[in-house]
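K.L.:
Sharing a structure with you now.
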């Protein structure tokens, strides 16, 4: 399309460049998973039971069989197989952007050509030569959709011919939040995952690509790490699970594990104060066992925001509030 000159003005967006210029740009993280599996002719994927159903759907949509593994107390896979058949792979989730050490360990025991890293919750964790690394930027920044795929040189991938055309509709909750509030945009926000259920790979929309070039990536990474460390300093003493911020980690949130029924009570109290806490992932409950690390993460953990929108005084206010509620 020729460059347009004149006419009405569009949004005035800054230009910060791309986080991963060489990544393949698709409409969603789940589409990126499917694309990687189909390109590599993978027929069986070993993946964690503690994972979103959309990941499983991407696996099965590719034609591969999903086989589940459990996690140990450090969120590392239990009972890894000694060998991997030619057309199989292991998918590991970089949980909450806090599992760099586990991934480094996996790279020493699993051939790179058999390893897929799902960095949907770890946008700033870099690709290190494995078969494929998947990213979902909308979990970290205000974009309507989009998935990034970085793959090994051995993986031959043909980009789709069709561009995603639904990004404008998915922009609505982002605009409503800016114009009104998150509460008023939430019903539209919940429709976004439904609109991305079809995992057939599409080109990322030009709208999403441009939005992703307007984001100050370095500042965001620094702020998230700073806020996590502040929250950790205040809340580690009551946290039932230990999380270590590695030098390579840029976290999505601060996971706070608490005993008993307090989690649901606190989440409701926070929501009443316009502090919104997600749940990861109740759709995994049929696959996991009681009293497991997966059940603790699902039922007894609050995923506390520490993102780039929060100033230090807000982190302190929230940590003080959580200490009071948990006492």
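Residue numbers (our numbering): 867 to 1193.
Don't be surprised by glycine CBs; every beta carbon is placed ideally from N, CA and C.
#1: When we look at the beta-carbon of residue 1068 and count the other beta-carbons within 10 Å, is it buried (16 or more) or exposed?
#2: Among residues of its own chain, excluding the 5 on either side of residue 1044, which ones have a beta-carbon nearer than 8 Å to its beta-carbon?
#3: Should residue 1172 go down as buried or exposed, given a rule of 16 or more other Cβ atoms within 10 Å for buried?
#4: Runs of 3 residues minimum, wholly inside the segment 905-934: which ones carry the beta strand (DSSP E) assignment?
#5: Quick check on the DSSP output: what are the complete alpha helix (DSSP H) runs of length 4 or more inside the segment 982-1052, in order along the chain?
#6: Report the option in 977, 920 and 930 whose CA atom is closest to the CA atom of residue 948.
#7: Could you spell out the range, first to last residue, of the beta strand (DSSP E) harbouring residue 1144?
#8: Using only CA atoms, which one of 1036, 1064, 911 and 1071 lies nearest to residue 934?
#9: Check residue 965 in the structure and name its three-state DSSP category.
#10: Could you say which of 1013, 1167 and 1020 lies nearest to residue 1129 if we only look at CA atoms?
#11: Grab me the residues of residue 942's own chain with a C-beta within less than 6 Å of its C-beta, minus the 5 sequence neighbours each way, in chain order.
#12: Hey, residue 1014 and residue 874: beta-carbon distance below 8 Å or not?
#13: Given that a residue counts as buried once 16 or more other Cβ atoms are within 10 Å of its Cβ, and exposed if not, what is residue 1140?
#14: Express the C-alpha separation of residue 937 and residue 1163 in angstroms, rounding to a whole number.
#15: Let me know if residue 1041 comes out buried or exposed under the rule of 16 or more other beta-carbons within 10 Å of its beta-carbon.
#16: Between residue 1039 and residue 1054, which are expected to be in contact by the criterion C-beta below 8 Å, what is the C-beta distance as a whole number of angstroms?
#17: For residue 984, count neighbouring C-beta atoms within 10 Å of its own C-beta (all shown protein chains included) and say buried if the count is 16 or more, exposed if not.
#18: Out of curiosity, what's the CA-to-CA distance linking residue 904 and residue 1101?
#19: According to the Cβ coordinates, are residue 1145 and residue 1192 closer than 8 Å?
#20: Contact check, residue 982 vs residue 1019 under 8 Å by CB: the rounded distance?
#21: Hey, residue 961 and residue 972: beta-carbon distance below 8 Å or not?
#22: For the beta strand (DSSP E) holding residue 956, just list the boundary residues, first then last.
P.N.:
Answer, in terms of the structure:
#1: When all chains shown are included, residue 1068 counts as buried.
#2: Here the set comprises nothing.
#3: Residue 1172 is buried by the Cβ-count criterion.
#4: Entirely contained in the segment 905-934, the beta strand (DSSP E) runs reaching 3 residues are, in chain order, 910-914.
#5: Correct list: 1033-1036 and 1038-1045.
#6: If we check each option's Cα against that of residue 948, 977 comes out closest.
#7: In this chain, residue 1144 is not harboured by any beta strand (DSSP E), its DSSP state being neither H nor E.
#8: Ranking the options by Cα distance to residue 934, first place goes to 911.
#9: DSSP, reduced to helix, strand and coil, places residue 965 outside both helices and strands of the structure shown, so it counts as coil.
#10: Answer by Cα proximity: 1167.
#11: Within the same chain, and ignoring the five residues on either side of residue 942 in sequence, the residues whose Cβ sits closer than 6 Å to its Cβ are 968.
#12: Pairing residue 1014 with residue 874 gives a Cβ-Cβ distance that is not under 8 Å.
#13: Under this definition residue 1140 is an exposed residue.
#14: Each residue's alpha carbon lies about 11 Å from the other.
#15: Around the beta carbon of residue 1041, a 10 Å sphere encloses fewer than 16 other beta carbons of the protein chains shown; the residue is thus reported as exposed.
#16: That pair is a contact at about 4 Å.
#17: Buried: at least 16 other Cβ atoms inside 10 Å.
#18: Rounded to the nearest whole angstrom, the CA to CA distance from residue 904 to residue 1101 is 43 Å.
#19: It is not a contact, given that the beta carbons lie outside the stated cut-off.
#20: Rounded, the Cβ-Cβ distance is 16 Å, inconsistent with contact.
#21: With a cutoff of 8 Å on beta-carbon distance, residue 961 and residue 972 are scored as not near each other.
#22: Element bounds for residue 956: 954-959.
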